[in-house]
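Q:
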Amino acid sequence: MKFIKYLFIIPLFFACSNSTKKSNDKKVAIESVNNAAVNKDFKIIGYAAGYEDYDFSKIDATKLTHINFAFANIVDGKAKFELETDKAKIATLISLKKQNPNLKVLYSVGGWVWSDQFSTMAAYEASRKKFAESCVNLLLEHGFDGVDLDWEYPGQRGEDNPFRPSDKDNFTLLLAEIRKALDVEGNKNNTYYLLTIATGADETYIEQTNLGEAHQYLDFINVMCYDFYQGWYYQTGHHANLYPSEKDTYNVNSGVDAMERHLEAGVPADKLVMGIPFYGRQWKKVSSTTDGLNDHSLEGGYIVSYKDLKKKVATGKYKEMYDESAKASYLWSETDSTFVSWETSKDIKLKAAFIKENGFGGAMFWEYSLDKDQELLNTLFENLKE
């Protein structure tokens, strides 16, 4: 699978949010509902991509509460690791508990490329049970603490995947079956195993699932608050803005909108974990007479790691820009006609404050190897755990 490296990055579908005013009203609603939340131990969850050329022993487990190893595939109806390097990398992740005895290591099934079997498997009781049993067996084989499902997406095509109207109910039934299988095994050895999911940030995801019921089977939900603008958009824009941008006439999405949608769907705030990207989106051949934001491009939003974006800034060709209304950072190179939406320490500080003020469960990020010097992780840890 020579193309595995970038297609596994978690993309999202888009949804047009309401006007900036209405979104700001939502922000107030979130804060007013949850401003009484007491301080607690916030989660910091890092995805670790098995296909990346990265030494997992370099991971600083003292700054993480959970690691999600990505990804397992669904083969013949069972969860299965496909890469030759998976076994050794998983063993390295499990060994990180020597650094942090409280660390929980889960494995994630699916992702953008390997979600093509979910709909068919989830459609039948027998195949749901078969898959749930395989999830437990894979967990026991490697010593994981839980399972994370990344079905992209119930009721939606995703990467040209089969989908059904019944995915909405079948997704909940699948989660119930996995939760049951994990509990049966856990009762044998007096161990509790975690079950989590990664969710889309748009309205369509909420409509095609029943999170108000499904969350009872889940320990927490990782909301993918990124990729609002991405590869198939030939217009530049913020891909992980906290608030709607006054400069964006489309108002595609924002972190506050995404979290509010999940609350309105019936998920308790402390079960919601806000996703943060350790990468940016880059557009080339941008037609602009200003700073490149919300302008047309001939090459759509490619993924660029944070470590590589730092190198671009060091060349001196890029101006570091900031959209105050969206609380979002971006780069513009007039010389190269290139626009980049990226996440900086400034943005992460604001998101950490937002999480704490509203009583959410913590933060998740994609993905560990993209932040080589741990600058973003250090910022997240210092501001969420202080």
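The sequence shown lines up with residues 2 to 387 when you count with the working numbering.
Ideal placement from N, C-alpha and C gives every residue a C-beta, glycine not left out.
Computed from a predicted structure; not experimentally measured.
(1) Which residue comes first and which comes last in the alpha helix (DSSP H) that contains residue 142?
(2) Quick check on residue 1: does DSSP put it in helix, strand or coil?
(3) Apply the 10 Å Cβ neighbour rule to residue 391 and answer buried if 16 or more other Cβ atoms are within range, or exposed otherwise.
(4) Can you give me the C-alpha to C-alpha distance between residue 257 and residue 220, rounded to a whole angstrom?
(5) When you compare only the Cα positions, how much space is there between residue 332 and residue 83?
(6) Helix, strand or coil: which one does DSSP assign to residue 149?
(7) Given that a residue counts as buried once 16 or more other Cβ atoms are within 10 Å of its Cβ, and exposed if not, what is residue 62?
(8) Go ahead and pull the three-state DSSP assignment for residue 158.
(9) When DSSP labels each residue in this structure, what does residue 368 get in the three-state scheme?
(10) With three or more C-beta pairs closer than 8 Å as the rule, is the segment 211-227 touching the segment 162-178?
(11) In chain order, what residues of the same chain have a beta carbon less than 6 Å from the beta carbon of residue 386, not counting five sequence neighbours either side?
(12) Can you name the start and end residues of the alpha helix (DSSP H) that residue 312 belongs to?
(13) Ends of the beta strand (DSSP E) at residue 67?
(14) Quick one: grab the DSSP three-state call for residue 117.
(15) Identify which residue in 127, 299, 178 has its Cα closest to the Cα of residue 340.
(16) Pick from 275, 317, 184: whose alpha carbon is nearest that of residue 359?
(17) Residues in the same chain with beta-carbon distance under 6 Å from residue 374, minus the five sequence neighbours each way, listed in chain order, please.
(18) On the three-state DSSP scale, how would you describe residue 200?
(19) Quick check: the segment 279-292 against the segment 260-270, are at least 3 beta-carbon pairs closer than 8 Å?
(20) Helix, strand or coil for residue 248, going by three-state DSSP, please let me know.
A: Looking at the atomic coordinates:
(1) 126-143
(2) What is shown of the chain runs 2 to 387, which leaves residue 1 out entirely.
(3) Past the boundaries of the shown model lies residue 391; the chain is included only from 2 to 387, so the question cannot be answered.
(4) The straight-line gap from Cα to Cα measures roughly 21 Å.
(5) 37 Å
(6) strand
(7) buried
(8) coil
(9) coil
(10) yes
(11) Correct list: empty, nothing qualifies.
(12) 307-315
(13) 67-76
(14) coil
(15) 299
(16) The shortest C-alpha separation from residue 359 is found at 275.
(17) none
(18) strand
(19) no
(20) coil
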